[in-house]
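K.L.:
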Amino acid sequence: MREDTIPKLSKDLCNRMLTDLENARRPVLEAIKCSLDNSNYNPKVGYLTPGNKMVRSELNVASVQKMSRAIFILEILLRNIETGAVNTKRELYYISKGEVKHNPELRPLDFGDQSESDSIIDFICEMMECYREDLNCYANDRGGQTYSNQLVVTETLPDGGKAVVDLSTLGTSPFQPKNRPQSLALKAKKKIDFCLVVESEGTANTFVTNGFCRRNNAILLGAQGVPSNAVRGWCKLIQDQLKVPIYFFGDLDAYTLQNIFRTLKAGSAASLIRNSDFSAPDVRFLGVLPEDIKKYDLADYPVKENDLQEARALKKASDALKNDPFFKDKKNKGLSKILEWLLKNKRRCEQQSYFTVDPRDPIMPEKIILEKIKRGDFI
Amino acid sequence: MAKQKITSSSTAEYFSKNLQQVGFSSPTKAVLTTLKEAIDNSLDACEDEGILPELYIEIEKVGAGTIKNTDLIRIKVEDNGPGLNIEDVPKVFGEYLASSKFGRGRCSRGQQGIGISAATTWAQLTSAKGARIITKTKTMRQAVSCLVEVDVKNNKGNLKDKKTISWDRSHGVSVEFVLDGRIQLQGEGGLITYLTGTALVNPHLNLRYKLLDQSVVKVDRVSDKCPDIPNAVEPHPHTMKLGEFIAHSHLFGKATVATFLKKGFSRITDNTFQEFVKNGMDKKFLTQSVDKTTDAQFKDVFGAIHKTELMSPSTRSVMIIGEETFSKSVRRLGEVDFFSVVTRKPTICDFKPVAIEIAVARLKTAQKVEGDDSPPVQVLRFANRVPLQFDKSACAMVKAIETVNWRSYGIPQPKNSLPLGPYVIAVSLVSPFIKFKNASKETVDASDELVEEIRRALIQAGQRLSRHIKKEHREADLEEKLRHIEQFCPILVDCLCRITKATEKRKKAATEGLVKLLGRDVNAAKKELDEALKHHKEAHAKGKIQIVEKEKAKSEDGEEELKPPHPEDSDVIPEAEEAPLKAKTEKPASKAKKKAVAKSKEKMKEKEV
């Protein structure tokens, strides 16, 4: 989105609202409904896209507080855009507190806690159909630490300057991708064979220390759990600009498959409007696959059904099979079969279990991964 | 079988070894059960003679107990009942199963004649002294004081230290126990909870009590009518077993079987005999004398009776407090905000007549605690006007409360649990045959029929209450809407104008438009409130819901003050200051809201200018 678009959109919106008020008409704010029931999945597109459902907020006595808060925060964001200042959500929460402190008339708008101001910021994004980064509101860059001996990243700085980072010069230090990957350009010094996304940051570190990047022409990155915007955007960039195959290596459990892998591959229902830039539909699930347990005699263990989190993940898995357009689609039958297997067998197997195959060989997991890639043993 | 000597034990011996079965399972319960038994006896005695009861209770610590972690407690209960003849004293206080009420089928508090003798036994076991009694009947010139002890071996009461004394009352009984126990005042098993509950379901009771070193608390009666205890009706044949049936027949000797059946049971008439015959009874049995009827023949008769459908038992034997009197009594619960009372018509549950009465009251609290975080409601359970304080989860009354959907009446409630909030739900069950789960009469058995009957009563009470709660919600809603308009309209318009850099003219027009817009919402809310007020007014006029503020306003006009000091208040009223509390008059809620609307309108106009 162009930098001057948001101020213009905002002014138009406010003008419309003001005109409605002058004519004693109820202003209506409309935003795309970001939920699973308004998500579509087209295998040709590859990520979840929004349906036709909209959330309409009509001004009335009940909604006047939310609307006032939205316009109040919008004013702060517009000021930021004008001056070029950036903030996190938490900082914006405190900025709003400061505004209220210095202007007692605004006291009714005061936020009780950060979740209240966060939801208003999300509402503004949905209304404007923009990313919060477009509103100069950034999250901290989390996850996605990347290692490669072949990759060169060029970053366009806010002042227009360029910064070039050759990852091979960083030693065992990782490159940290940004939440706004649009400002990054990628180049391969030498042909890159594949990109491996490892769910556990620790395991990715181990691979690097054990010489993964020395032995392979590859990009290795740690997802650090549920992928952040930075990880999602970064993978999309690797997919689009380098056109190398991307493999995801993580635990075999319902949570990893739905919350981590699905988000990386097709985005999430909560971020329907930005999935196009924050998902990498070509990423493949390398494992752990159910058949790997038998094939490599991996140590697995039963799902503790009295564990609230695991029980919730299983329940979510059965819901996903029924309602999630991603898992319902024929193209992802292999993934939904894994979910079915998990529900049926109620067992889980962690990525680190590859270390049980040959406990004295520190690069055994790497060998298995390469063998699986070679054999096409992924989904 | 081992060749051991078989010995017989007396009833007293059994109970003295199993006092936990009759409410003496802990030192705390021992104090409460002793007090309860003494009060039950006093109230039953007064009601039998049509005397309006006046009770004085004193409980104090007089030293350390002999059992670990107990105190030596003195419990004294004095009544103005008819008094006991001295020859009855050892039977009443020292002999188990000696009762004037056993199996009579009346709704008296005591039934078997176990409780007070058990209290004497506990006192005797722990302090080596029985019960100190003072009694005086109308015909006695002087009162008699004596000590009763239980002869455990022979199940008999022994009198000791008997002497005549002068007593300042014409008739009555004073009973004093000194025993090991522990005193708990508040909470579900607390003495004050028990006394408050007793006052609630006995509106005709004048109660004074002094607990520990607190001042005397006085709870005045709110009804001058001594309840008529209905006479027992004859048993219903379907509630009997064959052995009971034959034993019952022996009372009729030479009378014919027809006479035995008609006079010995309810719901048997000449017409039903024909039905019995149709169902296999030999007609000639009817004219045969009871004496000459064999057990086999009785079995035939009994079988035919059970095959025949009979009318349900009569409900005449149950008594009720009545909505009017119960309403007055509810105000004795404490600072009541509003309440509803329901008295169900006596009905039959599990072939036994029962009457259910419900009071649901909201107490005034210092903080606003209504909501999902508030503690559960206080449940007061009564069986034949005796508070039940233990083992509530299995009780029919609690089960019934949990099955009602209180959320629909505006009271928060977690799933399958007691509702939440500063409410008191009192459930009174009266029946000549209450099925308790244990001998200490702490829990009423939860049969489906009984739970359903209680549930219906609760639903009625909840519906009545909901009219007031709905009105409150609507009022709060309107107030919130007005506040929102006042607070947010100027901010919204200001923000919009700053972003669009709008002119003052636009700003003024937008403010006017916004006020107009939101005014429509307020009008809709007002309409809803008016509707709720209308329903509320109707309910109030029909007496379905009672608001305490209005009653208080009346009392200032010279009417009788109804609310006694709240016994749960920490600062109880000392004897010298027993003057009625001055009621605070609060403006009716609707008036306050009208003012708020007018005030807000004025403010809005100011802003527009």
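First to last, the protein sequences are chains A and B. For the first sequence, counting from 1, position 157 maps to 236 in this note's numbering; every step adds exactly one. For the second sequence, counting from 1, position 577 maps to 1199 in this note's numbering; every step adds exactly one. For every residue, glycine included, the Cβ atom is placed at its ideal position computed from N, Cα and C.
#1: Taking C-beta pairs closer than 7 Å, name the residues in chain A that glutamine 1109 of chain B reaches, listed in chain order.
#2: Would you call the CB atoms of leucine 864 of chain B and phenylalanine 924 of chain B closer than 8 Å?
#3: Quick check: the Cα distance between leucine 657 of chain B and asparagine 1060 of chain B, rounded to an integer number of angstroms?
#4: Just to confirm, are arginine 1128 of chain B and leucine 97 of chain A a CB contact at a threshold of 8 Å?
#5: Are leucine 833 of chain B and isoleucine 681 of chain B touching if we call contact CB-CB under 8 Å?
#6: Residues in its own chain within less than 7 Å of aspartate 1013 of chain B by CB, not counting five upstream and five downstream?
#7: Of all Cβ atoms in chain A, is any one closer than 8 Å to the Cβ of proline 1089 of chain B?
#8: Can you confirm whether cysteine 1117 of chain B, when its beta carbon is compared against all beta carbons of chain A, has any partner nearer than 8 Å?
#9: Which residues mark the beginning and the end of the beta strand (DSSP E) in which glutamate 137 of chain A is found?
#10: Report the three-state DSSP secondary structure of isoleucine 203 of chain A (helix, strand or coil).
#11: Looking at C-beta atoms only, is the number of pairs between the stretch 126-145 of chain A and the stretch 363-374 of chain A that lie closer than 8 Å three or more?
#12: Going along chain B in order, which residues have a C-beta closer than 9 Å to the C-beta of glutamine 144 of chain A?
#13: Looking at the C-beta of methionine 207 of chain A, does it have a partner C-beta in chain B at a distance below 8 Å?
#14: Are isoleucine 339 of chain A and glutamate 278 of chain A close, meaning C-beta to C-beta below 8 Å?
#15: Out of A:Phe254, A:Thr251, A:Ala242 and A:Leu275, point me to the one whose CA is closest to serine 262 of chain A's CA.
#16: What residue does the beta strand (DSSP E) around glutamate 676 of chain B start on, and which one ends it?
#17: Put cysteine 1111 of chain B into one of helix, strand or coil per three-state DSSP.
#18: Quick check on lysine 459 of chain A: buried or exposed, where buried means 16 or more other Cβ atoms within 10 Å of its Cβ?
#19: With distances taken from CA atoms, which of A:Asp245, A:Phe286 and A:Asp201 is nearest proline 441 of chain A?
#20: Quick check: the Cα distance between glutamate 445 of chain A and threonine 288 of chain A, rounded to an integer number of angstroms?
#21: For alanine 1124 of chain B, which residues in chain A fall below 9 Å Cβ to Cβ?
#22: Against alanine 164 of chain A, what residues of chain B qualify as contacts under a CB-to-CB distance less than 9 Å, listed in chain order?
#23: In whole angstroms, what is the alpha-carbon distance linking threonine 225 of chain A and glycine 346 of chain A?
#24: Taking isoleucine 1121 of chain B as the query, report the chain A residues whose CB atoms sit under 8 Å from its CB, ordered along the chain.
#25: In this structure, does DSSP put lysine 832 of chain B in helix, strand or coil?
#26: Since arginine 105 of chain A meets chain D, which of its residues come closer than 8 Å, beta carbon to beta carbon?
#27: Determine the contact status of valine 912 of chain B and valine 952 of chain B, defining contact as a CB-CB distance below 8 Å.
#28: Could you pull out every unbroken alpha helix (DSSP H) segment of at least 4 residues lying fully inside the stretch 323-402 of chain A, listed in chain order?
#29: Assuming alanine 1147 of chain B and aspartate 1116 of chain B make a contact with CB atoms under 8 Å, what is their CB distance in whole Å?
#30: I think proline 1044 of chain B touches lysine 950 of chain B, with their Cβ atoms under 8 Å apart; what is that distance to the nearest whole Å?
#31: Got a sec: which bits of the stretch 164-183 of chain A sit with their beta carbon under 8 Å from any beta carbon on chain B, in order along the chain?
#32: At 7 Å on the CB atoms, spell out the chain A contacts of arginine 1096 of chain B, in chain order.
#33: Glutamate 195 of chain A versus chain B: which residues are under 7 Å apart at the beta carbon?
#34: Name the chain A residues whose beta carbon is nearer than 9 Å to that of valine 839 of chain B?
#35: Are the CB atoms of alanine 1131 of chain B and glutamate 195 of chain A within a distance shorter than 8 Å?
#36: Are the C-beta atoms of lysine 1206 of chain B and some chain A residue less than 8 Å apart?
P.N.:
Let's see:
#1: Reading the second sequence from its first residue, position 487 is the one you call residue 1109 of chain B. Residues of chain A passing the Cβ test: Pro187.
#2: Along the second sequence, read from residue 1 onward, the residue named residue 864 of chain B stands at position 242. Along the second sequence, read from residue 1 onward, the residue named residue 924 of chain B stands at position 302. Their beta carbons are under 8 Å apart, which means leucine 864 of chain B touches phenylalanine 924 of chain B by this criterion.
#3: The residue labelled residue 657 of chain B in the question sits at position 35 within the second sequence. The residue labelled residue 1060 of chain B in the question sits at position 438 within the second sequence. Roughly 19 Å between the two C-alpha positions.
#4: Position 506 of the second sequence holds residue 1128 of chain B. Position 18 of the first sequence holds residue 97 of chain A. Leucine 97 of chain A sits close to arginine 1128 of chain B, with the two beta carbons spaced by under 8 Å.
#5: Taking the first residue of the second sequence as position 1, residue 833 of chain B is located at position 211. Taking the first residue of the second sequence as position 1, residue 681 of chain B is located at position 59. Yes.
#6: Your numbering for residue 1013 of chain B matches position 391 in the second sequence. Excluding the 5 residues flanking it on each side, aspartate 1013 of chain B has same chain C-beta neighbours closer than 7 Å at Glu1064 and Thr1065, in chain order.
#7: The residue you call residue 1089 of chain B lines up with position 467 of the second sequence. Inspection of the sequence shows that residue 1089 of chain B is occupied by arginine rather than by proline. With 8 Å as the cut-off, arginine 1089 of chain B does not count as an interface residue toward chain A.
#8: Here residue 1117 of chain B refers to the residue found at position 495 when the second sequence is read from its first residue. Between cysteine 1117 of chain B and chain A, the shortest Cβ-Cβ separation is below 8 Å.
#9: As a working mapping, residue 137 of chain A is identified with position 58 in the first sequence. Start and end: 133-137.
#10: For this step, residue 203 of chain A is matched to residue 124 along the first sequence. Isoleucine 203 of chain A: helix per DSSP, three-state reduction.
#11: With the cut-off at 8 Å, the stretch 126-145 of chain A and the stretch 363-374 of chain A do not touch.
#12: The residue labelled residue 144 of chain A in the question sits at position 65 within the first sequence. Result: His1106, Gln1109 and Phe1110.
#13: Within the first sequence, residue 207 of chain A is the residue found at index 128, counting from 1. Answer no: the Cβ-Cβ gap between methionine 207 of chain A and chain B never drops below 8 Å.
#14: For the purposes of this step, residue 339 of chain A is taken as the residue at position 260 of the first sequence. For the purposes of this step, residue 278 of chain A is taken as the residue at position 199 of the first sequence. Taking 8 Å as the Cβ cut-off, isoleucine 339 of chain A and glutamate 278 of chain A qualify as a contacting pair.
#15: Position 183 of the first sequence, counting from 1, holds the residue named residue 262 of chain A. Here the closest residue by C-alpha is A:Ala242.
#16: The count along the second sequence starts at 1 and reaches residue 676 of chain B at position 54. Residues 676-686.
#17: As a working mapping, residue 1111 of chain B is identified with position 489 in the second sequence. In the three-state scheme derived from DSSP, where H, G and I count as helix and E and B as strand, cysteine 1111 of chain B is classed as helix.
#18: This structure cannot speak to residue 459 of chain A, because chain A is shown only from 80 to 458.
#19: If you number the first sequence from 1, residue 441 of chain A lands on position 362. Here the closest residue by C-alpha is A:Phe286.
#20: Counting from one through the first sequence, the residue named residue 445 of chain A turns up at place 366. Counting from one through the first sequence, the residue named residue 288 of chain A turns up at place 209. For glutamate 445 of chain A and threonine 288 of chain A, the distance between alpha carbons rounds to 12 Å.
#21: As a position in the second sequence, residue 1124 of chain B is number 502, starting the count at 1. Result: Cys93, Asn94 and Leu97.
#22: As a working mapping, residue 164 of chain A is identified with position 85 in the first sequence. Chain B residues near alanine 164 of chain A: none, gap ~17 Å exceeds 9 Å.
#23: The count along the first sequence starts at 1 and reaches residue 225 of chain A at position 146. The count along the first sequence starts at 1 and reaches residue 346 of chain A at position 267. Using only the alpha carbons, I get a separation of about 20 Å.
#24: The residue you call residue 1121 of chain B lines up with position 499 of the second sequence. The CB of isoleucine 1121 of chain B comes closer than 8 Å to the CB of Ser89, Lys90, Cys93, Ile150, Leu153, Glu154 and Leu157 in chain A, given here in chain order.
#25: As a working note, residue 832 of chain B is residue 210 in the second sequence. Strand at lysine 832 of chain B.
#26: Considering every chain present, this structure includes no chain D. Its protein chains are A and B.
#27: The residue labelled residue 912 of chain B in the question sits at position 290 within the second sequence. The residue labelled residue 952 of chain B in the question sits at position 330 within the second sequence. It is not a contact, given that the beta carbons lie outside the stated cut-off.
#28: Runs found: 341-345, 369-374 and 387-402.
#29: The residue given as residue 1147 of chain B occupies position 525 in the second sequence. The residue given as residue 1116 of chain B occupies position 494 in the second sequence. Wrong, their Cβ atoms sit about 25 Å apart, outside the cutoff.
#30: As a position in the second sequence, residue 1044 of chain B is number 422, starting the count at 1. As a position in the second sequence, residue 950 of chain B is number 328, starting the count at 1. Not confirmed; about 21 Å, so no contact.
#31: Answer set for the stretch 164-183 of chain A: empty.
#32: Here the question's residue 1096 of chain B lines up with position 474 in the second sequence. In chain order: nothing, as chain A lies at least about 14 Å away.
#33: Position 116 of the first sequence, counting from 1, holds the residue named residue 195 of chain A. Within chain B, no residue comes near glutamate 195 of chain A; the closest Cβ sits about 15 Å away, beyond 7 Å.
#34: Sequence index remark: in the second sequence, residue 839 of chain B carries index 217 (1-based). Within chain A, no residue has its beta carbon less than 9 Å from that of valine 839 of chain B; the closest one is some 44 Å off.
#35: The sequence position of residue 195 of chain A within the first sequence is 116, counting from 1. The sequence position of residue 1131 of chain B within the second sequence is 509, counting from 1. Result no, Cβ atoms of glutamate 195 of chain A and alanine 1131 of chain B do not sit closer than 8 Å.
#36: The count along the second sequence starts at 1 and reaches residue 1206 of chain B at position 584. In this prediction, lysine 1206 of chain B scores a pLDDT of 32, lower than 50, which makes its location untrustworthy; no coordinate-derived value is stated.
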